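Counting with my numbering, you get residues 3 to 386 for the letters of the sequence shown. Each residue gets a CB set at the ideal place from its N, CA and C atoms; glycine is no exception. Please read all numbers here as calculations on a predicted model, not as lab measurements. For reference, the structure discussed in these notes is given below.
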Amino acid sequence: MDFELSEEQQAIFDMARDFGQAEIAPHAAEWEEAGTIPKALWRKAGALGLGGIYVSEEHGGAGLGRLESTLVFEALAMACPAVGSFLSIHNMVGGMIDKAASPEMKAKWLPALASMEKIFSYCLTEPGAGSDAAALRTRAEKVEGGWKLNGTKAFISGGGYSDVYLVMARTGEDGPRGISAFLVENGTPGLSFGAPERKMGWKAQPTAQVQFDDCVIPEENLVGELGHGFRYAMAALDGGRLNIAASALGAAQEAFEKTLAYMGERKAFGRTLDRFQALQFSIADMETALQAARVFLRQAAWKLDRGAPDATKHCAMAKRFVTDAAFEVANGCLQLHGGYGYLADYGIEKIVRDLRVHQILEGTNEIMRVIVSRAVLKEHGRGG
Numbered sequence: 003m004d005f006e007l008s009e010e011q012q013a014i015f016d017m018a019r020d021f022g023q024a025e026i027a028p029h030a031a032e033w034e035e036a037g038t039i040p041k042a043l044w045r046k047a048g049a050l051g052l053g054g055i056y057v058s059e060e061h062g063g064a065g066l067g068r069l070e071s072t073l074v075f076e077a078l079a080m081a082c083p084a085v086g087s088f089l090s091i092h093n094m095v096g097g098m099i100d101k102a103a104s105p106e107m108k109a110k111w112l113p114a115l116a117s118m119e120k121i122f123s124y125c126l127t128e129p130g131a132g133s134d135a136a137a138l139r140t141r142a143e144k145v146e147g148g149w150k151l152n153g154t155k156a157f158i159s160g161g162g163y164s165d166v167y168l169v170m171a172r173t174g175e176d177g178p179r180g181i182s183a184f185l186v187e188n189g190t191p192g193l194s195f196g197a198p199e200r201k202m203g204w205k206a207q208p209t210a211q212v213q214f215d216d217c218v219i220p221e222e223n224l225v226g227e228l229g230h231g232f233r234y235a236m237a238a239l240d241g242g243r244l245n246i247a248a249s250a251l252g253a254a255q256e257a258f259e260k261t262l263a264y265m266g267e268r269k270a271f272g273r274t275l276d277r278f279q280a281l282q283f284s285i286a287d288m289e290t291a292l293q294a295a296r297v298f299l300r301q302a303a304w305k306l307d308r309g310a311p312d313a314t315k316h317c318a319m320a321k322r323f324v325t326d327a328a329f330e331v332a333n334g335c336l337q338l339h340g341g342y343g344y345l346a347d348y349g350i351e352k353i354v355r356d357l358r359v360h361q362i363l364e365g366t367n368e369i370m371r372v373i374v375s376r377a378v379l380k381e382h383g384r385g386g
């Protein structure tokens, strides 16, 4: 058992970290204030292969695995978790198209996705269907020459900003088997967007409702097979949960590094803060939590790459454990900064605000517990 990254994996991490520090970190506060991310950034990310991490090389992607993607998003989040996580969503769509779509659809859409000439968003959640995603009500009706969509999606990262939306819509019976996946281009008649959401964190990401009112799309915009959309969505969420966990881990690591530097400079009662044993205990606990989270995350990614039968369980466990641990570390870092941690200039309060949502999206951490408990009971021959 080898816990060391390969030379290639270390190079991937270093590349993503350097890109984040050069192109994202200096502007993170400005973009948060503006509530948007300049699209020019994505062209630069695409040039480095970060726009199609799971997309095959045949279609312009990097063809990497889930472990490598966790390295990318951990590194990017050290610059800004909101920006890095937006890229994760784009890549999740790319992975779904690469895995499920027809050769013709792949050839049409994936090169622009991988280069980030076009930015993609993912539309699953609805105002009345969050954790119970299979209860979604957005409907796609077969019409002459295509599909007509009606419904509303909620909390969509990139709503009104992205170029293409991968939409889960009901094409058949109630429940998961009646759901299909479609691509809808921005500018399609009947596609509109709600007002930008006012959020606690992830403020750099434009977030809005996505609305479909008799929105007609071509027949060939169906992704994969009819009625298989929910299966595609759940498979994609395994990897998405790892990326969200990785982003939380990277941001918490950055908060920890900032805190260590602060404690070595700030003095109280004639000594720097890092000389107080009680505070040293906090350092030890944070370091332990970060290291445990990193090992757990990479093990789950390793299992997903190998198609292990318990991969979904491990992805859910890792998402829950890592995002909880990361938030606690970031919050503890704010506490160690005292009043300065509450000020925007020190960068800690932004990390705390950004990481809170990581415990909610891609399946709440309560839903992660449901997934894990059901898997454990099934392994022991009992229903959940």
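Close Cβ partners of residue i (< 8 Å) along its chain, the five nearest in sequence each way excluded
i    : result
F195 : G161, G162, A210, Q211, V212 and Q213
F329 : A250, A254, V354, L357, R358, H360 and Q361
I121 : K41, W44, H92, G160, Y163, S164, D165 and V166
R243 : C317, A318, A320, K321, E364, G365 and M370
6 Å Cβ shell around residue i - same chain, five flanking residues per side excluded
i    : result
N367 : R322 and Q361
F15  : L73 and A77
W149 : A142 and I219
E256 : M80
I350 : A257, C335, L336, H339 and G343
L151 : A142, A171, F214 and C217
T140 : G153 and A171
Member of the options whose CA lies at the smallest distance from the CA of residue i
i    : options                   : result
G192 : D216, A328 and F75        : D216
E35  : M80, W204, A47 and E119   : W204
G65  : D356, L112, V169 and I350 : L112
V354 : A313, E70, A250 and A116  : A250
P198 : G177, I158 and D176       : I158
A49  : L69, S87 and G62          : G62
Y342 : Y264, K46 and R376        : Y264
T290 : G252, A327 and R19        : A327
G2   : E10, A137, V331 and P83   : As displayed, the chain neither begins before 3 nor continues past 386, which places residue 2 out of reach and without an answer.
D100 : A116, A295 and V57        : V57
K352 : M17, L306, A31 and D287   : A31
A247 : R179, A18 and R300        : R300
R172 : G189, L138, E146 and E187 : L138
V374 : L336, L363 and H316       : H316
G226 : R19, M107 and N333        : M107
R308 : G272, A18, L151 and G67   : G67
P28  : V372, V378 and D347       : D347
A156 : G189, Q11, A135 and L281  : A135
K110 : L281, F271, G383 and N223 : N223
Assigned exposure category for residue i - 16 Cβ within 10 Å defines buried
i    : result
S133 : exposed
S8   : exposed
A318 : buried
F184 : buried
E221 : exposed
H339 : buried
K279 : The sequence shown places Gln at residue 279, rather than the Lys named in the question. By the neighbour-count rule (16 or more Cβ atoms within 10 Å), Q279 is not buried but exposed.
F258 : buried
K380 : exposed
F88  : buried
V85  : buried
V186 : buried
K305 : buried
G147 : exposed
E267 : exposed
For residue i, the residue or residues it bridges with in DSSP
i    : result
T190 : According to DSSP, which records beta bridges pairwise, T190 is partnered with nothing at all.
W149 : K144 and I219
K155 : V212
C82  : None, per the DSSP bridge assignment.
M170 : A183
R273 : A270
S123 : Y167
A116 : According to DSSP, which records beta bridges pairwise, A116 is partnered with nothing at all.
L224 : F184
F195 : V212
A131 : E128
Sequence-distant residues of the same chain with beta carbon closer than 7 Å to residue i, five excluded per side
i    : result
N245 : S71, T72, F75 and S90
K201 : T209
R296 : L251
Pair within 9 Å by beta-carbon distance, residue i and residue j
i    : j    : result
L126 : M170 : yes
Y124 : A238 : yes
G174 : S164 : no
L275 : K269 : yes
L52  : M118 : yes
D43  : E59  : First, the amino acid is wrong: residue 43 is Leu here, not Asp. No, these two residues do not count as a Cβ contact at 9 Å.
G96  : G153 : no
F232 : P178 : yes
A294 : D240 : no
V324 : M288 : no
A302 : T38  : no
T180 : G229 : The sequence shown places Gly at residue 180, rather than the Thr named in the question. A contact, by the Cβ cut-off of 9 Å.
Y234 : A377 : no
Q11  : L69  : yes
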